[in-house]
DNA sequence: TATATTTGCAACCATCAAGTTGCATATTTC
DNA sequence: GAAATATGCAACTTGATGGTTGCAAATATA
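Protein chains in written order, with full-length UniProt numbering: chain A, 1 to 108; chain B, 1 to 108.
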């Protein structure tokens with residue numbers, strides 16, 4: 001499951017990190033100030049997000065700035081879109097069934 | 001985390017179950033035939049999905065038919081939509097910044 | 001009524017995940 | 001160069017998770 005975007009987004013802290021970083025790129029230290037957990041714990045979350053490429057990094061001196069990578073978020077979006085299609089296809093099939101039933105009864 | 005929709009969707013088997021059930025309502029036994037794991041394992045996944053109301057059930061004799069509940073999927077969709085808004089707001093801020101910079105240089 | 005089928009629940013096990021602490025490395029500052 | 005700062009990595013602990021097996025309850029069938 002390593003690098004799985006669904007797994008990455010499952011954790012509420014990581015979702016909060018994504019929201020923060022999507023608004024503004026941040027360093028691990030700056031991020032950690034927003035949470036009650038230790039810096040290392042936040043760093044681990046960052047690693048998970050970076051492993052599945054939801055975050056990219058840019059080293060500036062001793063600081064590392066993390067940026068949100070919208071491209072990877074598309075994978076997620078894509079699944080949901082496909083899923084909706086499945087669901088809507090089912091509705092369409094039901095619609096078609098109802099239409100057929102109607103036309104059948106018309107023929108009677 | 002009990003009943004958390006993100007947690008529920010994180011597991012690939014559960015996503016597969018959702019896709020199957022979104023296409024057609026099914027019983028646990030029928031579902032289990034689609035997977036390599038035991039019936040009880042599938043049943044546990046069903047429980048997780050039902051706990052967060054992604055599935056609803058309808059008992060017919062000794063069988064239980066599980067249905068997909070699209071209403072709950074909206075929560076998921078909603079988060080992604082809000083997230084996109086965050087992201088786009090940032091872009092808008094950048095746009096505004098660029099516009100301001102341009103008008104500044106126009107004034108020089 | 002006896003048997004088979006469908007299902008859920010509980011106990012148990014192995015693995016994973018999130019958190020902590022400690023430490024090493026690189027860079028900035030004094 | 002020494003101290004402070006920013007970060008990552010490794011070891012360890014604890015709790016959650018996914019899997020299995022066994023069993024009980026409800027319903028259908030012989």
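Quick reminder that beta carbons are idealized off the backbone N, C-alpha and C, glycines included.
Consider the Cβ of residue 16 (chain A): report whether some Cβ of chain B lies at a distance smaller than 9 Å. Translated into the one-based positions of the first chain, residue 16 (chain A) becomes position 16. So, not an interface residue.
When you compare the CB of residue 80 (chain B) with every CB in chain A, is at least one pair closer than 9 Å? As a position in the second chain, residue 80 (chain B) is number 80, starting the count at 1. So yes, residue 80 (chain B) belongs to the interface.
For residue 89 (chain A) and chain B, any beta-carbon pair shorter than 9 Å? If you number the first chain from 1, residue 89 (chain A) lands on position 89. With 9 Å as the cut-off, residue 89 (chain A) counts as an interface residue toward chain B.
Hey, residue 76 (chain A) and residue 6 (chain A): beta-carbon distance below 9 Å or not? To locate residue 76 (chain A), count along the first chain from 1; it is residue 76. To locate residue 6 (chain A), count along the first chain from 1; it is residue 6. Their beta carbons are under 9 Å apart, which means residue 76 (chain A) touches residue 6 (chain A) by this criterion.
Taking Cβ positions, are residue 79 (chain B) and residue 15 (chain A) nearer each other than 9 Å? As a first step, residue 79 (chain B) must be located in the second chain, where it is residue number 79. As a first step, residue 15 (chain A) must be located in the first chain, where it is residue number 15. Contact: yes.
Can you pull the chain B neighbours of residue 34 (chain A), defined as C-beta to C-beta under 7 Å? Within the first chain, numbered from 1, the residue matching residue 34 (chain A) stands at position 34. Within chain B, no residue comes near residue 34 (chain A); the closest Cβ sits about 15 Å away, beyond 7 Å.
Going along chain A in order, which residues have a C-beta closer than 7 Å to the C-beta of residue 45 (chain B)? Within the second chain, residue 45 (chain B) is the residue found at index 45, counting from 1. Within chain A, no residue comes near residue 45 (chain B); the closest Cβ sits about 14 Å away, beyond 7 Å.
Buried/exposed call for residue 48 (chain A), threshold 16 Cβ in 10 Å: Indexing the first chain from 1 puts residue 48 (chain A) at position 48. Classification of residue 48 (chain A): buried, given that the 10 Å Cβ count is 16 or more.
CB residue 45 (chain A) to CB residue 9 (chain A), shorter than 9 Å? Here residue 45 (chain A) refers to the residue found at position 45 of the first chain. Here residue 9 (chain A) refers to the residue found at position 9 of the first chain. Taking 9 Å as the Cβ cut-off, residue 45 (chain A) and residue 9 (chain A) do not qualify as a contacting pair.
Per-residue burial, residue 42 (chain B) [other beta carbons within 10 Å of its own, 16 or more giving buried]: Numbered from its first residue, the second chain carries residue 42 (chain B) at position 42. By the neighbour-count rule (16 or more Cβ atoms within 10 Å), residue 42 (chain B) is buried.
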